[in-house]
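Mapping the sequence shown onto the numbering used here, position 83 (from 1) lands on 83, and the numbers just tick up by one. The structure appears right after this line, and notes come after that.
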Amino acid sequence: MIHSQYDVIVVGAGPSGSAAARAVAQAGLHVLCIEEHATIGYPIQCAGLLSNNAFAECNVTDASLLHSVSGATIVAGMQSFSFDAKKTKAVIVDRGLMDREMAMDAATDGADFLPKSYVSAINPARKTITAQGPEGVMKIGYHVLIAADGPRSGIARQLDIERAPMYLSGVQCEILWDDDPEKVTIYPNASPDFFAWVIPIGDGRARVGLCGLTDVKERFSRFYSMIADKSNTNSMHQFVAGTIPIGIMPKTYGQGVMFVGDAAGFAKPTSGGGVYTGVRSARHAAATAIEACEQDSSSDTVLKRYEERWNSDFGKELRFGMRCMNVRRQISPQDLEQIVQIMNTPKIADIIVKYGDMDRPQEVISRLMLQPGMYQCLLPCMKAGIKSLIPFRKSSHLYD
Numbered sequence: 001m002i003h004s005q006y007d008v009i010v011v012g013a014g015p016s017g018s019a020a021a022r023a024v025a026q027a028g029l030h031v032l033c034i035e036e037h038a039t040i041g042y043p044i045q046c047a048g049l050l051s052n053n054a055f056a057e058c059n060v061t062d063a064s065l066l067h068s069v070s071g072a073t074i075v076a077g078m079q080s081f082s083f084d085a086k087k088t089k090a091v092i093v094d095r096g097l098m099d100r101e102m103a104m105d106a107a108t109d110g111a112d113f114l115p116k117s118y119v120s121a122i123n124p125a126r127k128t129i130t131a132q133g134p135e136g137v138m139k140i141g142y143h144v145l146i147a148a149d150g151p152r153s154g155i156a157r158q159l160d161i162e163r164a165p166m167y168l169s170g171v172q173c174e175i176l177w178d179d180d181p182e183k184v185t186i187y188p189n190a191s192p193d194f195f196a197w198v199i200p201i202g203d204g205r206a207r208v209g210l211c212g213l214t215d216v217k218e219r220f221s222r223f224y225s226m227i228a229d230k231s232n233t234n235s236m237h238q239f240v241a242g243t244i245p246i247g248i249m250p251k252t253y254g255q256g257v258m259f260v261g262d263a264a265g266f267a268k269p270t271s272g273g274g275v276y277t278g279v280r281s282a283r284h285a286a287a288t289a290i291e292a293c294e295q296d297s298s299s300d301t302v303l304k305r306y307e308e309r310w311n312s313d314f315g316k317e318l319r320f321g322m323r324c325m326n327v328r329r330q331i332s333p334q335d336l337e338q339i340v341q342i343m344n345t346p347k348i349a350d351i352i353v354k355y356g357d358m359d360r361p362q363e364v365i366s367r368l369m370l371q372p373g374m375y376q377c378l379l380p381c382m383k384a385g386i387k388s389l390i391p392f393r394k395s396s397h398l399y400d
């Protein structure tokens with residue numbers, strides 16, 4: 001039964017929304033999660049590659065696990081570079097199963113769910129939303145609203161709140177695959193403003209995808225043809241497309257609302273992944289919502305704590321990642337091929353294995369930039385841009 005008044009309403013039942021709803025419900029508050037799709041977890045718009053830490057943050061069983069990988073290969077032109085940690089560094093999941101398990105856990109802990117429904121209107125002054133779905137038109141009150149409604153956040157649009165500054169388009173399919181099952185393969189030159197990938201998912205299959213700012217369909221077609229020829233297969237299936245927000249929205253709270261996950265622009269600029277930052281931001285939003293309800297105030301003074309929390313947690317990493325992406329976009333395919341050639345040393349591989357972290361890449365990238373060979377290679381491409389990637393200088397932007 002859906003009630004007419006809730007302490008907290010969460011819009012969106014992806015990992016961020018379900019994590020927020022569960023945390024609020026566990027605190028004993030009355031929470032409703034509204035999901036526009038009939039089935040939680042679909043359509044799938046994710047490569048499903050999660051670091052060990054990201055998967056642990058989701059607090060689910062192993063039911064959605066498909067495969068695991070221990071390393072990666074980077075291919076640029078005729079050059080390639082591989083590293084292998086010889087232990088699981090990331091897992092590949094069935095996002096549909098994982099998302100549904102997170103939602104079920106939230107429901108078990110007391111959250112109400114309203115599927116196949118959307119928010120058609122918001123009145124922040126009266127703290128009410130109008131939801132439409134199979135139950136008809138419903139006006140529901142709330143004390144705090146958490147927007148977990150994805151990169152094109154309808155909540156942000158309705159409240160005229162500025163969103164992420166950049167959006168990537170991505171496409172992906174599954175194919176038969178008989179190459180190295182232990183490594184993800186990255187092809188940066190296939191999409192010069194981001195990259196393409198092949199992710200093995202076990203049982204002789206792989207996910208092949210590409211993200212970029214422009215010409216994504218054409219780039220993907222060329223890339224897929226190359227991979228299909230290499231793997232001697234034409235078995236494309238489970239084709240999906242999606243959008244990745246890059247760049248944090250200028251203000252992630254206001255008018256009684258907090259924005260989490262992709263709705264806030266928390267996807268990592270270095271990889272496009274958003275589950276780790278999404279779930280962590282959801283928990284920070286839930287903690288702030290609980291305080292707001294206890295204090296009977298959802299003013300900006302109270303909700304500002306949310307921004308302080310996520311910023312101290314992963315804000316520096318996202319800003320650093322954005323600078324990395326901007327520098328990467330200045331590098332030509334020829335220069336990138338040279339970079340991969342120079343990286344192809346045991347020392348560089350050891351640094352990546354020892355310090356690499358998919359969710360917090362600042363340390364490993366900074367250490368790589370300090371390697372003499374890397375500096376000589378990158379300097380002609382980046383000039384002053386390289387300075388922003390070295391955090392050991394007082395002038396570095398990382399001290400902002």
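All residues carry an ideal CB built from backbone N, CA and C; glycine is no exception.
Check, Outcome
"Specify the secondary structure class of Ile161 as computed by DSSP and reduced to three states.", "coil"
"Out of curiosity, what's the CA-to-CA distance linking Pro43 and Gly373?", "44 Å"
"Quick check: is the beta carbon of Cys33 nearer than 8 Å to any beta carbon in chain D?", "Here chain D cannot be found, since the structure has a single protein chain."
"Entirely within the stretch 18-87 and at least 4 residues each: give me those alpha helix (DSSP H) ranges in chain order.", "52-58"
"Among Asp179, Ala125, Val216 and Ala263, which residue has its Cα nearest to the Cα of Arg205?", "Asp179"
"Is the beta carbon of Val93 closer than 8 Å to that of Leu65?", "yes"
"Which stretch, first to last residue, makes up the alpha helix (DSSP H) that contains Glu317?", "Lys316 to Arg328"
"Measure the Cβ-Cβ separation of Ile40 and Asp99 and say whether it is below 8 Å.", "yes"
"With a 10 Å radius around its C-beta and 16 neighbouring C-beta atoms as the bar for buried, classify Ser16 as buried or exposed.", "buried"
"What's the gap between the Cα of Ile244 and the Cα of Gly265?", "8 Å"
"With a cut-off of 8 Å, do at least 3 Cβ pairs link the stretch 330-345 to the stretch 298-307?", "no"
"Please name the residue in Leu145, Glu337, Pro134 and Val208 whose C-alpha comes closest to that of Ser299.", "Leu145"
"Between the Cα of Asp359 and the Cα atoms of Gln338, Val327 and Asp313, which residue gives the shortest distance?", "Asp313"
"DSSP state of Gly133, grouped into three classes?", "strand"
"Going by DSSP in three states, Pro245 sits in which element: helix, strand or coil?", "strand"
"How many whole angstroms separate the CB atoms of Ala282 and Val260, which I take to be in contact at a CB cut-off of 8 Å?", "5 Å"
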